[in-house]
Amino acid sequence: MIPSCPECGTPGVPLLFGLPVPEAIDAADDGDLALGGCVMRDPTPNWQCPEGHQWRDADEQAYDHHLLTVLSAHGYRTDAS
Numbered sequence: 003m004i005p006s007c008p009e010c011g012t013p014g015v016p017l018l019f020g021l022p023v024p025e026a027i028d029a030a031d032d033g034d035l036a037l038g039g040c041v042m043r044d045p046t047p048n049w050q051c052p053e054g055h056q057w058r059d060a061d062e063q064a065y066d067h068h069l070l071t072v073l074s075a076h077g078y079r080t081d082a083s
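Residues 3 to 83, numbered by my numbering, are exactly what the sequence shown covers, in order.
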């Protein structure tokens with residue numbers, strides 16, 4: 003389930019921090035992912051809406067699943083094959 007922004011109600015996209023892989027850059031260019039840069043604050047947000055609001059959702063399993071789904075759709079592979 004994709005969480006909605008607590009400020010505006012718009013569905014969010016995963017927010018990724020750190021140096022992005024090429025597939026993450028492609029996903030961000032398409033609006034499927036947001037890049038948060040290298041500096042993380044506490045608490046670290048993990049979702050962002052199109053308006054730029056960021057928030058933390060406690061369901062880490064849903065975040066991980068959605069992030070991998072988005073990256074996989076842009077060609078990212080988690081295995082060596």
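Don't be surprised by glycine CBs; every beta carbon is placed ideally from N, CA and C.
Remember, predicted model here, so these are calculated numbers, not experimental data.
Rounding to the nearest angstrom, what Cα-Cα distance links residue i and residue j in this structure?
{"i": "proline 24", "j": "serine 74", "result": "12 Å"}
{"i": "isoleucine 27", "j": "leucine 70", "result": "14 Å"}
{"i": "glycine 20", "j": "methionine 42", "result": "9 Å"}
{"i": "proline 45", "j": "arginine 58", "result": "7 Å"}
{"i": "aspartate 61", "j": "cysteine 10", "result": "20 Å"}
{"i": "cysteine 7", "j": "aspartate 81", "result": "33 Å"}
{"i": "proline 52", "j": "alanine 30", "result": "11 Å"}
What residue does the beta strand (DSSP E) around residue i start on, and which one ends it?
{"i": "proline 22", "result": "Here proline 22 belongs to no beta strand (DSSP E), and DSSP marks it neither H nor E."}
{"i": "glycine 39", "result": "36-39"}
May I ask you to list the residues that DSSP assigns as paired with residue i?
{"i": "glutamine 56", "result": "Gln50"}
Which residue marks the beginning of the alpha helix (DSSP H) containing residue i, and which one marks its end?
{"i": "leucine 69", "result": "62-75"}
Pairing CB atoms from the region 5-19 with CB atoms from the region 28-46, are three or more of them under 8 Å?
Result yes; three or more Cβ-Cβ pairs closer than 8 Å.
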